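First residue of the sequence shown: 365, per the working numbering; consecutive thereafter.
Taking it in order: structure first as structure tokens, then the write-up.
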Amino acid sequence: NGLIITAIACDHRLHTPMYFFLLNLSVLDLGSISTTVPKAMDNSLWDTRDISYAGCATQLFYFLFLIAAEYSLLTIMAYDRYVAICKPLHYGTLLGSRACVHMAAAAWASGFLSALLHTANTFSLPLCKGNTLDQFFCEIPQILKLSCSDAYLREVGLIIFSTFLFLGCFVFILLSYVQIFRAVLRIPSEQGQHKAVSTCLPHLAVVSLFLCTVMFAHLKPPSISSRFLDLVVAVLYSLVPPAVNPIIYSMRNQELKDAL
Numbered sequence: 365n366g367l368i369i370t371a372i373a374c375d376h377r378l379h380t381p382m383y384f385f386l387l388n389l390s391v392l393d394l395g396s397i398s399t400t401v402p403k404a405m406d407n408s409l410w411d412t413r414d415i416s417y418a419g420c421a422t423q424l425f426y427f428l429f430l431i432a433a434e435y436s437l438l439t440i441m442a443y444d445r446y447v448a449i450c451k452p453l454h455y456g457t458l459l460g461s462r463a464c465v466h467m468a469a470a471a472w473a474s475g476f477l478s479a480l481l482h483t484a485n486t487f488s489l490p491l492c493k494g495n496t497l498d499q500f501f502c503e504i505p506q507i508l509k510l511s512c513s514d515a516y517l518r519e520v521g522l523i524i525f526s527t528f529l530f531l532g533c534f535v536f537i538l539l540s541y542v543q544i545f546r547a548v549l550r551i552p553s554e555q556g557q558h559k560a561v562s563t564c565l566p567h568l569a570v571v572s573l574f575l576c577t578v579m580f581a582h583l584k585p586p587s588i589s590s591r592f593l594d595l596v597v598a599v600l601y602s603l604v605p606p607a608v609n610p611i612i613y614s615m616r617n618q619e620l621k622d623a624l
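So, in structure tokens, the structure goes:
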């Protein structure tokens, strides 16, 4: 992620809408990993396994902020690919520099608002069922297990509402890729088809993995919850996408390889 940020920032040939969004994605990926992994490593190395109440709230806020903004940005990137492949003649008009900045700002703002609502709602609950979280970072489902008030249903309702918003974004992404694949099938060049498909399919796979694991982590019934299952699901949505994104977007990208 650091190399991608440096390459895009320093190489003027990569100052295009696609790489502008990729730059933002790399910043978000780097931030989300930095929010959870360093503290988990510190606890593991020194065998302390503790975090303050304020530290937990701060970690939760920044993590939610970054992953919500990332999902919004992935939706925008699907639109970017749709316009590039299906409406190439209108690409410069629909995705001018001002439009790109506005869309990126909207992604960051939506992440901030979502994180603020969830964090404030979660930490307004009385927590009186101990102070132990069976997770390597502060996660809403684990915090709700400590609540002794029916008011936790407010946060559950907010999670369900957020899930519907995420599903709406996913449907938009899916429809964008349906249109992309239809356009790809009309490309006479086999190389052009391969390039378009190899760019879009990994993107769709990461989005699907992220959404499915987030929904499962936050909506699964307590009856099927276990420490090992919770840990695996948390790793799949918090660590795998940020680690895989730079590989997906750089492995088959010759322009980015040349810049590096």
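No residue lacks a Cβ here, since even glycine has one placed at the ideal position from N, Cα and C.
Given the structure is predicted, the values throughout are model-derived calculations rather than measurements.
Asked                                                                                                         : Found
Where His379 falls, given that 16 or more other Cβ within 10 Å makes a residue buried                         : exposed
First through last residue of the alpha helix (DSSP H) which encompasses Ile507                               : Ile504 to Leu508
Outcome for Arg445 when other beta-carbon atoms lying within 10 angstroms are tallied against a minimum of 16 : buried
Extent of the continuous alpha helix (DSSP H) run through Ile368                                              : Gly366 to Cys374
Euclidean distance between Cα positions of Thr400 and Trp472                                                  : 19 Å
Residues near Leu430 in its chain [Cβ-Cβ closer than 7 Å; skip 5 each side]                                   : Leu392, Gly395, Ser396, Thr399 and Gly475
Reduced DSSP category for Leu529 - H, G, I as helix; E, B as strand; rest coil                                : helix
Which of helix, strand or coil DSSP assigns to Ser602                                                         : helix
7 Å Cβ shell around Pro505 - same chain, five flanking residues per side excluded                             : Ala581 and His582
Contact between the region 454 to 470 and the region 409 to 426 (3+ Cβ pairs under 8 Å)                       : no
Which residues DSSP lists as bridging Leu491, in chain order                                                  : Ser511
Segment contact, 8 Å Cβ cut-off, at least three pairs: the region 564 to 576 with the region 608 to 619       : yes
Coil, strand or helix - Asp411 by DSSP                                                                        : coil
Secondary structure of Ile612, DSSP reduced to three states                                                   : helix
Own chain residues within Cβ distance below 7 Å of Cys512, not counting five before or after                  : Pro490, Cys492 and Lys493
Identity of the residue in Ala484, Thr439, Tyr426 and Cys374 nearest Met467 by Cα                             : Thr439
Helix, strand or coil at Pro566 [DSSP, three-state]                                                           : helix
DSSP state of Arg462 mapped onto helix, strand, coil                                                          : helix
Own chain, CB closer than 6 Å to Leu424, minus 5 neighbours either side, in chain order                       : Thr483 and Cys502
Minimum C-alpha distance to Ser436 - residue among Asp498, Val535 and Phe545                                  : Val535
Buried versus exposed call for Ile537 [16 or more other C-beta atoms within 10 Å across all chains shown]     : buried
Exposure of Ile495, with buried meaning 16 or more beta-carbon neighbours within 10 Å                         : According to the sequence shown, residue 495 is Asn rather than Ile. Looking at its Cβ environment, which holds fewer than 16 other Cβ atoms inside 10 Å, Asn495 is exposed.
Burial state of Ile524, where buried means 16 or more other Cβ atoms lie within 10 Å                          : exposed
Boundaries of the alpha helix (DSSP H) in which Phe429 is found, first to last residue                        : Tyr417 to Cys450
Same chain only: Cβ atoms within 7 Å of Ile372, ignoring 5 sequence neighbours per side                       : Leu378, Tyr383, Leu386 and Leu387
Member of Ser589, Tyr426 and Pro605 whose CA lies at the smallest distance from the CA of Phe574              : Pro605
Alpha-carbon spacing of Lys451 relative to Ala547, whole angstroms                                            : 10 Å
Distance between Ser408 and Cys420 (C-alpha atoms, nearest Å)                                                 : 17 Å
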